[in-house]
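**Q** Just passing along the structure, written as structure tokens.
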Amino acid sequence: METFKVIIVEDVPLELKGTEGILRNDIPEAEIIATADSEKAYWAAMKRQLPELVLLDLGLGGSTTIGVEICRQTKELYPGIKILIFTGEILNEKLWVDVLDAGCDGIILKSGEMLTREDVASVMSGKRMVFNQPILEKIVQRFKKNIDSALIRQEALVDYEIDEYDERFLRHMALGYTKEQITNLRGMPFGVKSLEKRQNELIQKLFPHGKGGAGINATRLVVRAIELHILDIDNLHPDED
Amino acid sequence: MGAFLILWNLFFSACSSQSDRGEVDRLNDISYSFHYRNIDSTRLYAEKALALSGGYSCGRAEAFNNLAYIYIVQMNYSEAKKLLDSIASFSDNQIELLVADVQYMRLCQRESRNKEFYDYKEHASNRIRRIDEEKEQLSEHQLRRLVYAKSELAIVASTYYYYVGLDRLSAKAIDRIDADWELQRDTAQYLNYLYQIGSGGILSGKNNLEIRQKELDQLIKCYILARQYGYKYWEANSLQAISEKLVIEDGREKLLKDNAIAFGIINSDNMPDSLIAGYLAQKSLEQFIAFGDVYQTAGSFRTLASCYWAVNDYKSSLICLDNALNYNKAIRQAPDLVASICEQLSLVYSAMDDKRNSDINRNIYLDLQEQTRQDRQLDARAEQLDKYLSVLNIMIGGIVILIVTVLILITVFYYLNRRKKRTASLDELLKPLHEWKTNSDMYIERLDEEYELINEKYGVSKASLSNNKRRNIENQAKIFLANSVMPLIDRMVNEVEKLCAPQPENPAIRSERYEYVSELSSKIGEYNDVLTEWIQLRRGQVSLHVESFRVSDLFDILKKGSMSFRIKGIRLIVEDTDDVVKADRVLTLFMLNTLADNARKFTPSGGEVTIASETHDDYVEISVKDTGTGLSKEQLDSIFSRKISDGHGFGLVNCRGIIEQYRKASSIFRVCKIDVESTQGKGSRFYFRLPKGIVRCIIALISLLFSMPCHTFASRDTRSSILKHAEVYADSAYSSNLHGRYHKTIAFADSAIYCLNRYYETVNPGGKHRMMLIDGVPSNAGELKWFHDKVDVDYGIILSLRDECAVAALALHDWQLYYYNNKVYTQLYKEVSTDRNLAEYCRIMQRAETNKNIAIIILIILLLIIITAYYFMYYRNVIYSRSCVDKVRRINDILIADTVLDEKKKLMSQLDEDKYPPELRSIVGEIKQTLRAFIDESERKKADIELAKDDLKKICFENDKIYVSNNILDNCLSTLKHETMYYPARIQVLTEERDANLNTIRELLLYYKELYVILSTQTMLQIRDVQNVCNSISLDEYAATDLKIKGDKILFEYMLEILSRLEENKKIDITASAKGDKYVELDVFLPSHDMTEEQCKALFTPSTANIPFLICRQIVRNNSETTNLSGCGIVAEPAPGGGIVLRIVMARDNREFK
């Protein structure tokens, strides 16, 4: 790794000290040309000398999310400068997405192994989406959940013996189609009577133990289908006629 | 009367032959003349007359009467009644029927049957009236019978009144007889008259002796005449009466001396003065026995007994009395007679010192008095009379109503005839409308009031919500502070991990790292201190809304959630309860909800969840029992612990937090507790305890209790206390008698009399009559006068007093005292129990029936008239228009009735003006218009109210939610602080030893981090429940600008308030400017804060002094999070001319809608 210039944006002096320590001990290639504890100080430093990397904390003083804006503006003005977010907002997932949208090159949570030489090297070698271990874990967790739901859907279709007509019927009911409208769909070669029969069968399948006296109407049925991932809430579209 | 005459003639023509009739009358006359002379002859001739009478009913009736007379004399009352009853079945002869009635009166008098006595007297009086109308047509024989009947009637009545103690009426009855003229023709009745006067109670005089003399005159006259004409009965009777006059020693000598000539004749055997009374009584007895009069024989025995008693020959007296009672048992039919004999017996036994027999006889005497009381039938009779009167009243009422109806009808006809001018009645029809309109206006007013009330409540809730939101944002700021510790811990972990790396770094770096860890832990310590201080700072403001409320209120809310249990196939049982607890209502509901939710989560389908409340000595235990999986030993130990979280979530931890909060708040909450009992596989029972509440109505109840009895005591005065004393003395007299202390009785009685007299003086100042223990004439006794003057005294006391005195006197052999007290007692008793209205009552009874018949006839006639008139004059002509008016009336009825709005709406649809006659159209139109206006207005107002109520509910719901959240956050923060504050300092100490403690530091640090993560995660979860608000806020209120921002107005104003407070509540200067499309910058100038740039930067670092700025920062951060605009923030800068400027960037509102 070649040497590079870095500006550290950090408002808590003790934290700044820690970060400086990490750079000094682990990443000696990094040359700290300036530190900033506020937006104003940051832009002043930028004016003095442009760095190759900005190590950016998201919250500065009274502005707890200003880092996102700093990132956005820096990327707009100097797209070549790498920005690595170094934040303590370990729970605020929304903020991560914001800052990714703002164009940052990676996010390092101030947790676990903190800032590593490898991560910084990745960024400096031009990699995007550099995350340290804790945030990666979270991302993977989310990703798995998504895939799992697709798997569950597959299983549900098998387990509950849902054919394509059942799925279509349920999907259109969820979209607010009446039974008459559903019978008019091209992929639905049934009359209303058959649909009613099908609906009763679906209730039997999806509520094998009944519901303790509470009646099951179309809405409840559709919601159950969504719960079981038979319907994908993100892909609720009518058939194209 | 015509009919009566016809009957009269018929009755005469019915007789067999003229000669037979004459003979029958003659025989009857002879039979009559033997009355009082010889019973056998009377019977003989009467039977002859009866045998001869055949179809001559008058003669037969007279013979029956004569025979009945004999039976009465022999006291064969049942036979006498049979005869008298049968007369009416074959004869219409009013005179004989009158005689029969009079004989019946005699019977009733002897048997003390008061009511029947008056009945027959009334019958007799009616007959006399009828007979008097036809008097000229009566034969000589019939006239004689009439004289007999009338005089006998008067004498029997007089006797009756005398016996029931009505002396005045008795005298009045005797006065009716025209002795000088009418009775010249009937010697027997004349003697009867004389005897009646002479025997007592009729004449009056200055003193006892004078009265006795006057009476004696009459009796002597009677005796001499009786002897002259051979009337054995009267001879005996007058002798007996004279004997009674002479029994009393006092004045006897004078009487004998003043009437020496007469006594010369009477006392033919020249008996000495002291024995003359007994001698006469003996003579009278013999004559009565010879004559065969049972009643009088017994009377004579009694008189003789009293004579023996007077000469102290008690043995003979006793024999006489025994004879009186047992010579012929038939006398038992006459209670008065038996009573007088018993009284005499009690005297004799007393004189013989046989106290027991004396008492027995006195009691029989008193019982008989009680039995023959005239007012015994009073109650039953009064009821009957009332019934009759009410029947009469109803009938009279009916007649009056009918008359009124007729009058109204006539009026209506009049108006109808006058070309149906119905304007007046039409105005009437509008009246209900106007009336209703006033009511409906009031109703609308009530709705307005209700609306106002809801708005007021809304205002209160809003203020409370605002407070809670402020508390909440502050808590969030605290959490932010707590969270800012996390990176520092992470850095420490990072440094320690580096220190622990297998290849050690050079010592300088290691030392640097130790240094850094130490600095970090000291910083964390600082942050913790700030948090601690912050929490302490607000402790005083944390308030539980403690109140007494019914557990059932919360249970009702829980019941609403039974659906979620049903869906899971669980039965939710919420037991009814009356328990009242003292706690925070919202927090209690939160705890209940938490426990119920847990129970639902851990109970499989088909299970049961029971929620119940139970009152114990000083707490109420609310429990949630499930039939779920139950808890293991480990789970039980840690279920309420903060450090471990399993499926039960943090709910239970929060519940325990709330309970602890209670316990900290006040000692009344020391009973508070939350716990669980559980068996694995069977289920768990979670319960918590709260102190008992007080129901408000207790105070009302107490005040009610106190207010009740007051007035009962208020009206008492001293008078009653005197009377009370008298009663106490009378009671003492009674008990003295019981214990045989008779002298004491007399003393107590005297005191009682003194009290009674004093009482009399207070109620009747200037009254002359006084009670005495003993006095001259008993009939002049004070209390009798009081009774006549209607003095309000408890006569019961006096009666018992006199009775006790008589008993005591009897025992003390003080005969005069006995005589006086017993006499007064008897007299007062009779007078008190006299029913003066009995005669009048019987008359009314008989008339009531006649009146009733007449009333019914009048009613029927009136009814017929009305129906006919109704039909011809009204019904046929105006049925149509009337039905229309009726319809309008019905409409009015519905209008006025308290029906629901819906029914009134239905009414609207029925209102079609065209269906009504022209004159009614305007009315219907008006009703319709008014009704429509009312319906519109009330519906609008109701809708307003409903919306306002929903707003109120919404704000209350939000308020409750945020309130619970705040309390839990308080708990969480306080726990976080509490549980973790130890570690930083400890770590700092350990770092001093460097490598020696490295492993310990590492372990401690990792545990610290884990703990911190769990606790702060739990805390963070609580904020999720509070939804941030994002409304448009116009800034023109605060600064000279037309810009708008997005955000929560409550929090925005809170921020301004905090800033203003920094400037000692002065109005702060705000300049607003747009910062691009997305942001607005508000520059707030704080002149009193002079700071350098460095100081300005430090404003937002954690320190107690910076708390206001930390809260402001949290508000801005919230704004940023809600609007997803990360440019929001707050920066402080020194102002050019001193002071500082806060540059607050917030989300700009460009939305055009609204």
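Protein chains in written order, with my numbering: chain A, 1 to 241; chain B, 10001 to 11154. Note that CB positions come from ideal geometry on N, CA and C, so glycine has one too. Nothing here was measured: the structure is a model prediction, and the numbers come from that model.
1) In terms of residues, what are the limits of the alpha helix (DSSP H) holding residue 10335 of chain B?
2) Among the candidates B:10187, B:10178, B:10238, whose CA atom is the shortest distance from the CA of residue 10200 of chain B?
3) Report buried or exposed for residue 10307 of chain B, applying the criterion of at least 16 other Cβ atoms within 10 angstroms of its Cβ.
4) Answer yes or no: do residue 10613 of chain B and residue 10577 of chain B have a C-beta to C-beta separation smaller than 7 Å?
5) Considering just the uninterrupted stretch of the beta strand (DSSP E) at residue 10548 of chain B, what are its terminal residues?
6) For a contact meaning CB atoms closer than 9 Å, what does residue 25 of chain A contact in chain B?
7) According to DSSP, which residues form a beta bridge with residue 10583 of chain B?
8) Which chain A residues sit within Cβ distance under 7 Å of residue 11130 of chain B?
9) Could you check if residue 10684 of chain B belongs to the surroundings of the ligand ATP, using beta carbon to heavy atom distance under 6 Å?
10) So residue 11083 of chain B is in the beta strand (DSSP E); what residue range does that whole segment cover?
11) For residue 10679 of chain B, is the classification buried or exposed, using 16 other Cβ atoms within 10 angstroms of its Cβ as the cut-off for buried?
12) Under 7 Å between C-beta atoms, does residue 11100 of chain B make it to chain A?
13) Short check: CB of residue 10657 of chain B to CB of residue 10606 of chain B, under 7 Å?
14) For the 8 Å Cβ check, are there 3 or more pairs between the region 10295-10311 of chain B and the region 10266-10277 of chain B?
15) Considering only residues of the region 10169-10198 of chain B, which uninterrupted alpha helix (DSSP H) runs meet the minimum length of 4 residues and lie entirely inside it, listed in chain order?
16) Under 8 Å, CB to CB, which of the residues in the region 11105-11121 of chain B have a partner in chain A?
17) Write down every uninterrupted run of the alpha helix (DSSP H) in the region 10049-10104 of chain B whose length is 4 residues or greater and which is fully enclosed by it, in chain order.
18) Quick one: what does DSSP say residue 10608 of chain B is sitting in, helix, strand or coil?
19) For residue 10519 of chain B, go through chain A and note every residue whose CB falls closer than 7 Å to its CB, in chain order.
20) State the Cα-Cα distance for the pair residue 11063 of chain B and residue 11113 of chain B, rounded to the nearest angstrom.
21) Answer with yes or no whether the minimum CB distance from residue 10448 of chain B to chain A is below 7 Å.
22) Measuring only the C-alpha atoms, how far is residue 236 of chain A from residue 143 of chain A?
23) Based on Cα-Cα distance, which residue from B:10936, B:10676, B:10260 lies nearest to residue 10632 of chain B?
24) Under 7 Å, do residue 11126 of chain B and residue 68 of chain A count as touching if we go by C-beta distance?
25) Using the three-state DSSP reduction, which class does residue 11031 of chain B fall into: helix, strand or coil?
26) If I measure Cβ to Cβ from residue 218 of chain A and keep anything under 6 Å in the same chain, skipping five residues before and after, which residues do I get?
27) Within the 7 Å Cβ cut-off, does residue 69 of chain A reach chain B?
28) If we count the other Cβ atoms within 10 Å of its Cβ and call it buried at 16 or more, is residue 10999 of chain B buried or exposed?
29) Per the DSSP calculation, residue 10626 of chain B is bridged to which residue(s)?
30) Bridge partners of residue 11075 of chain B, per DSSP?
31) What does residue 91 of chain A reach in chain B if we use C-beta pairs closer than 7 Å?
32) Nearest-angstrom Cα distance between residue 11103 of chain B and residue 10535 of chain B?
33) Using the beta-carbon of each residue, which ones in chain D are nearer than 7 Å to residue 10523 of chain B?
34) Shorter than 7 Å from the beta carbon of residue 110 of chain A to some beta carbon of chain B?
35) Run down chain B in chain order and give the residues with a C-beta less than 8 Å from the C-beta of residue 37 of chain A.
36) If residue 10124 of chain B sits next to residue 10102 of chain B, beta carbons under 8 Å apart, how far is it from one beta carbon to the other, in whole angstroms?
**A** Answer, in terms of the structure:
1) 10335-10351
2) B:10238
3) By the 10 Å Cβ count, residue 10307 of chain B comes out buried.
4) yes
5) In the DSSP assignment, residue 10548 of chain B falls within the beta strand (DSSP E) that extends over 10546-10550.
6) 10498, 10505, 10509, 10512, 10513
7) B:10547
8) 62, 63
9) Although the ligand ATP was asked about, the structure shown includes no ligands whatsoever.
10) 11079-11086
11) exposed
12) yes
13) no
14) yes
15) 10187-10198
16) The region 11105-11121 of chain B vs chain A, Cβ under 8 Å: 11109, 11112, 11113, 11116, 11117, 11120, 11121.
17) 10057-10073, 10077-10090
18) In the three-state scheme derived from DSSP, where H, G and I count as helix and E and B as strand, residue 10608 of chain B is classed as strand.
19) 14
20) 18 Å
21) no
22) 20 Å
23) B:10676
24) Taking 7 Å as the Cβ cut-off, residue 11126 of chain B and residue 68 of chain A qualify as a contacting pair.
25) Looking at residue 11031 of chain B - three-state DSSP - the assignment turns out to be strand.
26) 173
27) yes
28) exposed
29) B:10609
30) B:11079
31) 11020
32) Across the structure, residue 11103 of chain B and residue 10535 of chain B are spaced so that their CA atoms are roughly 13 Å apart.
33) Of the chains in the structure shown, none is chain D; the protein chains are A and B.
34) yes
35) 11097
36) 6 Å
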